[in-house]
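Chemist: In the working numbering, the protein residues as written are 1 to 375. Idealized CB from N, CA, C, for every residue including glycine. First the structure, then my questions, so here it is.
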């Protein structure tokens with residue numbers, strides 16, 4: 001007679017009953033044959049034996065929360081939290097191993113239906129991809145196991161629908177500036193004459209300033225946290241227009257260069273963003289709804305090219321990364337940047353002016369309701 005597996009007994013009705021305790025868990029069941037009962041019991045025992053070595057499953061919402069907590073103090077934290085917020089309804093309830101190109105399609109479809117550009121969608125996908133990579137390579141549980149066995153390849157959308165830069169013309173500049181609040185007018189003009197990103201203008205601090213007597217200009221040494229990619233300290237060189245704006249702002253606030261005061265009795269404070277109600281109202285008033293704050297930077301770049309400035313010099317002014325770029329600038333190098341930036345203070349320095357831009361300027365001026373006012 002064959003030896004029967006412990007925990008399996010035959011019942012009065014000819015069926016087979018499993019009743020066995022394994023590591024504190026009672027395994028029970030009824031089966032038609034002894035073989036079926038044995039197979040089930042062996043499978044259950046083996047599954048429980050391997051459970052202690054099996055990687056736990058984590059929800060994406062838990063991984064996202066860990067990522068944000070670990071990123072406390074990161075300058076892009078608020079942006080990344082916003083990017084995660086829009087994708088969370090589609091991924092938060094999923095286990096990490098369930099997230100891949102197919103399960104991300106509903107999110108992509110929803111964002112495209114909302115009119116979002118591929119670059120915007122990719123920004124959220126990029127944060128998800130980064131979290132999955134951390135889960136597969138860095139984050140570990142008490143047993144030393146990573147949260148995810150392997151991170152999937154998350155495909156990015158092609159940037160074939162990207163919005164083209166929309167630099168403003170000198171005519172448009174003369175239309176726009178008078179419509180802006182005085183504090184924002186100075187910030188926009190400063191941006192047009194330095195080419196820096198708007199968040200640098202908003203956060204510009206007096207403690208970063210160095211005045212070069214030899215050149216009679218101020219240079220702000222901007223720390224890495226305000227440089228895209230945090231690629232070292234970068235110089236913000238002030239041409240004659242930017243310098244005049246600085247002198248106008250000097251003494252208004254002990255810390256920030258550009259400030260806003262709501263009214264008498266209110267404390268002045270730094271401007272959080274240039275893309276505010278004042279900017280929106282002004283651009284709408286002059287028919288420039290398609291112009292973004294970032295286009296001011298594109299405008300500075302375009303004017304530098306029109307003035308015949310070398311691409312290498314333009315890259316240094318705009319802090320574009322390149323192999324030969326240095327984080328340590330001499331006075332002679334700053335002079336080169338200053339001379340280039342002074343060229344864009346004068347509208348006549350347009351030896352390389354784009355014919356398409358000149359044609360657009362003419363059409364805009366003829367159609368402008370400000371034509372008579374401007375003479």
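By how many angstroms is the C-alpha of residue 236 removed from the C-alpha of residue 388?
Modeler: Missing from the structure shown is residue 388; the chain here goes from 1 to 375 and no further.
Chemist: Could you tell me the alpha carbon to alpha carbon distance between residue 22 and residue 227, rounded to whole angstroms?
Modeler: 60 Å
Chemist: Using a 10 Å radius around the Cβ and a threshold of 16 neighbouring Cβ atoms, would you call residue 372 buried or exposed?
Modeler: Bear in mind that the predicted position of residue 372 carries a pLDDT of just 40, short of 50, making it unreliable; the figure below should be weighed with that in mind. Counting other Cβ atoms within 10 Å of its Cβ, residue 372 stays below 16 and is therefore classed as exposed.
Chemist: What are the uninterrupted segments assigned as alpha helix (DSSP H) that are 4 or more residues long and contained completely in the region 107 to 146, given in chain order?
Modeler: 118 to 137
Chemist: Just list the beta strand (DSSP E) runs in the region 171 to 255, keeping only unbroken ones of 3 residues or longer that don't cross its boundaries, in chain order.
Modeler: 209 to 212, 217 to 222 and 234 to 237
Chemist: Beta-carbon within less than 6 Å of residue 17's beta-carbon, same chain only, minus the 5 sequence neighbours each way: which residues are those?
Modeler: If we look at residue 17 and ignore the five residues flanking it on each side, its Cβ neighbours are 9, 11 and 30.
Chemist: What does a CB cutoff of less than 7 Å around residue 131 pick up in its chain, not counting 5 residues either side in sequence?
Modeler: 63, 64 and 67
Chemist: Could I get the ranges of all uninterrupted beta strand (DSSP E) runs contained in the region 20 to 96, with 3 residues as the minimum, in chain order?
Modeler: As far as the region 20 to 96 is concerned, its whole beta strand (DSSP E) runs of at least 3 residues are 25 to 31.
Chemist: Work out the CA separation of residue 92 and residue 85 for me, nearest whole Å.
Modeler: If you take the alpha carbons of residue 85 and residue 92, they lie about 9 Å apart.
Chemist: Roughly how many whole angstroms lie between the Cα atoms of residue 136 and residue 153?
Modeler: 12 Å
Chemist: In three-state terms, what does DSSP make of residue 6?
Modeler: It is coil, neither helix nor strand.
Chemist: To the nearest angstrom, how far is the alpha carbon of residue 317 from that of residue 198?
Modeler: 14 Å
Chemist: Take the Cβ of residue 79 as the centre, count every other Cβ of all protein chains shown within 10 Å, and call the residue buried at 16 or more, exposed below.
Modeler: exposed
Chemist: Quick test of your reading: residue 27 and residue 5, contact by CB under 8 Å. State the CB separation rounded to the nearest angstrom.
Modeler: About 12 Å separates the two Cβ atoms, so there is no contact after all.
Chemist: On the premise that residue 208 lies in contact with residue 222, defined as a C-beta separation below 8 Å, what is that separation, rounded to the nearest angstrom?
Modeler: 6 Å
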